């Protein structure tokens, strides 16, 4: 029962942070969305909103990394195809959510970069984990420089997602996905 309530609080916070940001999301709003008693929030997150924010970022980061792994598994480790699929799935989610479902980390990261060291560190750690996982995939396929390309892909993805979300148009995600996929193919070893 308790872990279910905790999970609902994390999921509700993740959704609200993605849609409206960390600062604009109130604790009562989170407990209401999670259908959780008010006291449960401080039971699971005794240090309050910042602790909930850090754990939500970590939770969302892990969840999205598993999603990336599933996409890679579907394309049998073809990095260019996998990356293109991640962009495509993000574009579809963005449209379905009426432009509200952006990156679960970027929204918090932009707000927290200068206001909360624990949140900034949590966001930086998630991005570093995504970058490292992407670099490992590239290196396993002989795509080099793996780490540099992973930074490029993550930066291009986050930028295209922000542009698409603010324009209410998936063109930035679609265009960027093709350029990124071509760049990855160009770095694939010959043969």
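In the UniProt record's numbering, the protein residues as written are 1 to 191.
Just so you know, even glycine gets a beta-carbon here, dropped at the ideal spot from N, CA and C.
Bear in mind the structure is a predicted one, so any value in this text is a computation, not a measurement.
Out of curiosity, what's the CA-to-CA distance linking residue 178 and residue 61?
Whole-angstrom Cα-Cα distance: 25 Å.
Tell me the residue span of the alpha helix (DSSP H) that contains residue 125.
Taken as a continuous stretch (DSSP letters only), the alpha helix (DSSP H) holding residue 125 covers 117-140.
Mark residue 59 as exposed unless 16 or more other C-beta atoms lie within 10 angstroms of its C-beta, in which case mark it buried.
With 16 or more other Cβ atoms from the protein chains shown falling within 10 Å of its own Cβ, residue 59 counts as buried.
Given residue 14 as reference, the closest of 182, 100, 79 and 82 once Cα atoms are compared
For residue 14, the closest alpha carbon among the candidates 182, 100, 79 and 82 is that of 100.
Helix, strand or coil for residue 45, going by three-state DSSP, please let me know.
DSSP, read as helix, strand or coil, puts residue 45 in coil.
Curious, which full-length alpha helix (DSSP H) runs of at least 4 residues does the region 43-118 contain?
If only uninterrupted alpha helix (DSSP H) runs of at least 4 residues are considered, those enclosed by the region 43-118 are 49-74, 79-96 and 106-112.
Using the C-alpha atoms, what's the distance from residue 102 back to residue 162?
Spanning the alpha carbons of residue 162 and residue 102 requires a straight line of approximately 8 Å.
From 17, 94 and 70, pick the residue whose C-alpha is nearest to that of residue 119; which is it?
With distances taken between Cα atoms, residue 119 lies closest to 17.
Kindly list the residues whose CB is nearer than 7 Å to the CB of residue 105, restricted to its own chain and excluding five residues on each side of it in sequence; keep chain order.
Result list for residue 105: 57, 60, 61, 123, 126 and 127, in chain order.
Got a sec? Which residues, its chain only, sit under 6 Å from residue 40 by beta carbon, not counting five neighbours each side?
Residues of the same chain with a CB within less than 6 Å of the CB of residue 40, apart from the 5 flanking positions on each side, are 5 in chain order.
From 33, 180 and 108, pick the residue whose C-alpha is nearest to that of residue 11; which is it?
That would be 33, whose Cα lies nearest to the Cα of residue 11.
Which residue from 184, 87 and 154 puts its Cα closest to that of residue 131?
Selected option, being the one with the closest Cα: 154.
Limits of the alpha helix (DSSP H) - the one that residue 178 falls within:
Bounds of the alpha helix (DSSP H) holding residue 178 are 171-186.
Output the distance between the C-alpha atoms of residue 90 and residue 160, rounded to the nearest integer angstrom.
Their Cα atoms are separated by approximately 10 Å.
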